[in-house]
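Converting from the sequence shown to the numbering used here requires adding 31 to each position, the first position being numbered 1.
All residues carry an ideal CB built from backbone N, CA and C; glycine is no exception.
Have a look at the structure below, then the notes.
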Amino acid sequence: MRPKHFLNFDNFSKEDLSKIINRAIEIKSKSESSEIFDKKTLGLIFQKPSTRTRVSFEVAMNKLGGNTIFLSSSDLQMSRGESITDTAKVLSSMVDAVVIRNDSHEELTLFSENSSVPVINGLTNLFHPCQILADLMTFKEKNQDQTLKKVCWIGDGNNVCNSYIEAASIFDFEISIFCPKGCEPYQPLLNDAKDFITLASSKNEALENAQIVTTDVWTSMNNESSSKERRKTFKNFFIEEKDMSLAVDHAIFLHCLPAHRGEEISFTMLEHAQSMVWDQAENRLHVQQSLLEFLLAD
Ligand code: CP
Ligand code: NVA
């Protein structure tokens with residue numbers, strides 16, 4: 032039987048994703064850990080830096096009784112030209128699941144096609160689905176009785192934004208995106224999910240009626256060479272305290288972190304009364320523990 036991979040949301044149903052999120056809320060409320068993955072190993076291949084994704088997966092696996100092996104680019108023979116296909120075949124014969132963070136969604140997909148165990152996207156150039164699971168969990172935790180109808184995204188139409196778009200088409204909410212021309216999300220998604228996306232012509236339009244107000248860095252990892260130019264392009268695409276008054280009354284502010292205070296957010300935005308960024312970051316742990324249970328439990 033082919034393993035179930037978590038590369039993006041497109042082969043997951045609303046029921047599957049809701050199950051993962053609800054279980055995560057339960058894990059968090061009961062501080063649950065167990066030994067269900069005793070002697071199981073999670074491999075982590077990270078070709079880019081990470082604080083939250085790496086630590087949350089390592090701690091989650093530990094809470095489930097398993098262990099982890101962390102491999103940076105230079106640890107693997109891939110850095111000397113061994114193919115992705117060969118690496119996937121060998122590693123998946125030894126570990127029980129693999130999390131990959133890289134700069135090529137295509138290579139992640141190739142790895143998964145040659146892996147006999149579940150592969151999880153820990154962020155690629157195109158998607159960051161684990162982050163959006165945590166975001167949706169954070170919204171649900173705060174608003175048990177509310178249906179999510181609108182998300183406001185200000186800034187770069189990047190990997191995190193793309194995963195929001197996929198979630199919008201599954202959970203049936205609107206994502207209103209205010210981004211500079213030329214920095215729109217992944218074009219195929221703009222076509223596939225057009226009924227769920229608004230490309231807003233002003234910040235106010237994007238904020239109006241939003242229940243989640245969110246953003247991300249102007250310059251994603253490995254694009255640092257263009258950061259000077261991007262500072263100019265994005266100078267009007269930031270979130271500050273007063274913007275929250277244009278969203279619904281109890282809207283929450285989220286940021287996947289790391290944040291650049293003074294760029295995509297004002298200096299004190301993370302500390303705003305409606306900011307839930309610290310819960311959001313902590314929820315990476317609970318939701319990924321739930322995801323591992325979902326993908327690995329027999
Ligand atoms: N949000 C997020 O994925 O953070 P890290 O880059 O620290 O993993
Ligand atoms: N868009 C950012 C997200 C970091 C979690 C990046 O890819 O660097």
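- No residue range can be given for Glu295, since it is assigned to no alpha helix (DSSP H) and is classified by DSSP as neither H nor E.
- The shortest C-alpha to C-alpha distance from Leu75 to any of Ala91, Ile67, Asp69, Ser65 is the one to Ala91.
- Two segments are said to touch when three or more pairs of C-beta atoms, one from each, lie closer than 8 Å; by this definition the segment 224-234 does not touch the segment 124-139.
- Note that the C-beta distance between Thr264 and Pro211 is below 8 Å.
- Cα atoms of Gln319 and Val126: separation of roughly 17 Å, rounded to the nearest angstrom.
- For Ala199, the enclosing alpha helix (DSSP H) stretches over residues 190-202.
- A straight line joining the alpha-carbon of Ser60 with that of Phe284 spans about 22 Å.
- In the DSSP assignment, Asn98 falls within the beta strand (DSSP E) that extends over 98-103.
- Around the beta carbon of Pro80, a 10 Å sphere encloses fewer than 16 other beta carbons of the protein chains shown; the residue is thus reported as exposed.
- Per DSSP, the continuous beta strand (DSSP E) segment holding Cys183 begins and ends at 181-185.
- Using a Cβ-Cβ distance cut-off of 8 Å, the segment 281-298 and the segment 252-271 are in contact, since at least three pairs of beta carbons, one from each stretch, lie closer than that value.
- In the same chain as Ser103, and ignoring 5 residues on each side of it, the C-beta atoms closer than 7 Å to its own belong to Phe77, in chain order.
- Distances between the C-beta of His36 and the heavy atoms of ligand 1 are all 7 Å or more.
- Under the three-state reduction of DSSP output, Ser306 falls in the strand class.
- In the structure shown, the three-state DSSP call for Ser276 is helix.
- Out of Ala328, Lys234, Glu137, the CA that lies nearest to the CA of Ile115 is found in Glu137.
- Sequence-distant Cβ neighbours of Phe298 in its own chain, meaning closer than 7 Å and more than five residues away, are Arg292.
- Residue environment for Arg261: buried (at least 16 other C-beta atoms within 10 angstroms of its C-beta).
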